[in-house]
DNA sequence: GCATATAGGACCTAAACAGTCCTGTATGTA
DNA sequence: TACATACAGGACTGTTTAGGTCCTATATGC
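Protein chains in written order, with the numbering used here: chain H, 35 to 196; chain Y, 35 to 196.
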């Protein structure tokens, strides 16, 4: 559904929470503060750690901390930490340089790169610091009107033709 | 994985193919030309039709045609035809005006609207007409270097700290 | 040495996806 | 009018993936 997984949702919630309150956090504390089940939160944190988004400290008084200031962590880094490289389609995944089997005949799928790039850049603009602020009403309005415009565009010219 | 489904991939391939060669197309022909299994292609076309992206004509000599010129069909309309509204997370889905259960306590999740808007706008920029052109080398280079920059940014400052 | 806390991976359940097939209905043509 | 063609809608199924839990190993501070 062009939808991120719940795990990624959790990851962003946790990361944003860490951004709002610096310092080392135990996984258990983060779980409680974000109302995410502890084993799940722990799993997410491990993945964030492996991706280098957060640093970890083992042992007593250990915990997790953001690897960099929130302004320097793009939301796409959090997403990629959980979901792997943002590749909208398989053949748009440039980690392998191999072309998909239809590449020669289709030429269309290659254009997914375009979409991929657009999405990637859109996400790169948003940092954890941005996410710490409460939502702005103007933003919601913007989004809603943009969607309504689309609906009008779709239903208007085609109408109930068929 | 922030990844569209195969069905949506098919939908874009088919729609782009239709954009490149105007006129009514039988589902069977489209299936053969795009190398997509016929029942699957047919299913996709029905969904595109219901969403108003293509028009349909029943009976002998019937078929499908784009509802509007390719320049006026945004890639997000094709995606939404198959996957429903582009809502990156559940609580970012504004079709229901209800706030998610954590809304009051979290305030973070509401910021998904931001991401949603960014992705939506990114996709709206790209039309079917854009997809008809063969990929540009510059674009690939851009994408690749942008990703590599990210990797460097992630691995460099955190390094092998832990 | 013990309590605390992360690392890593195995494992299970439920839901979503991908794909096929069947029946019904509309339309052009002989 | 009959028939062939082609879309409409939905049922159905096998496979894959996500979501979530739990267990064991390892590192660290007191």
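For glycine and all other residues, C-beta sits at the position ideal for the given N, C-alpha and C.
- Unbroken beta strand (DSSP E) runs of no fewer than 3 residues, entirely contained in the stretch 58-128 of chain Y, are found at 88-91 and 97-100, following chain order.
- Counting the other Cβ atoms within 10 Å of the Cβ of residue 96(Y) gives fewer than 16, which makes it exposed.
- Under the Cβ criterion of 8 Å, residue 75(H) is not counted among the residues facing chain Y.
- Counted as a single uninterrupted DSSP element, the stretch harbouring residue 55(H) is not any alpha helix (DSSP H), since DSSP gives it neither H nor E.
- Counting only residues of its own chain and dropping the five nearest sequence neighbours on each side, residue 160(Y) has a CB closer than 6 Å to the CB of 109.
- Burial state of residue 114(H) is buried, judged by a 10 Å Cβ sphere holding 16 or more other Cβ atoms.
- Excluding sequence positions up to five before and after residue 65(Y), its CB lies within less than 6 Å of the CB of 72 and 75, all in the same chain and listed in chain order.
- Contact between the stretch 44-59 of chain Y and the stretch 54-69 of chain H is absent, with fewer than three C-beta pairs closer than 8 Å.
- Contact between residue 153(H) and residue 45(H) does not hold, since the beta-carbon distance rounds to 18 Å and is not under 8 Å.
- Minimum Cα-Cα distance from residue 98(H) among the listed residues 106(H), 105(H), 107(H) and 86(H) corresponds to 86(H).
- Scanning its chain for C-beta atoms nearer than 8 Å, with the 5 sequence neighbours on each side dropped, one finds around residue 88(H) the residues 49, 52, 79, 82, 98, 99, 100 and 101, in chain order.
- Not flagged as an interface residue toward chain H: residue 63(Y), since no C-beta distance is shorter than 8 Å.
- Counting of Cβ neighbours within 10 angstroms places residue 103(H) among the exposed residues, the total staying below 16.
- Taking 8 Å as the threshold, the shortest C-beta distance from residue 156(H) to chain Y falls below it.
- Beta bridge pairing from DSSP links residue 161(H) with 108(H).
- Taken atom to atom, the span from the alpha-carbon of residue 117(H) to that of residue 55(H) is near 25 Å.
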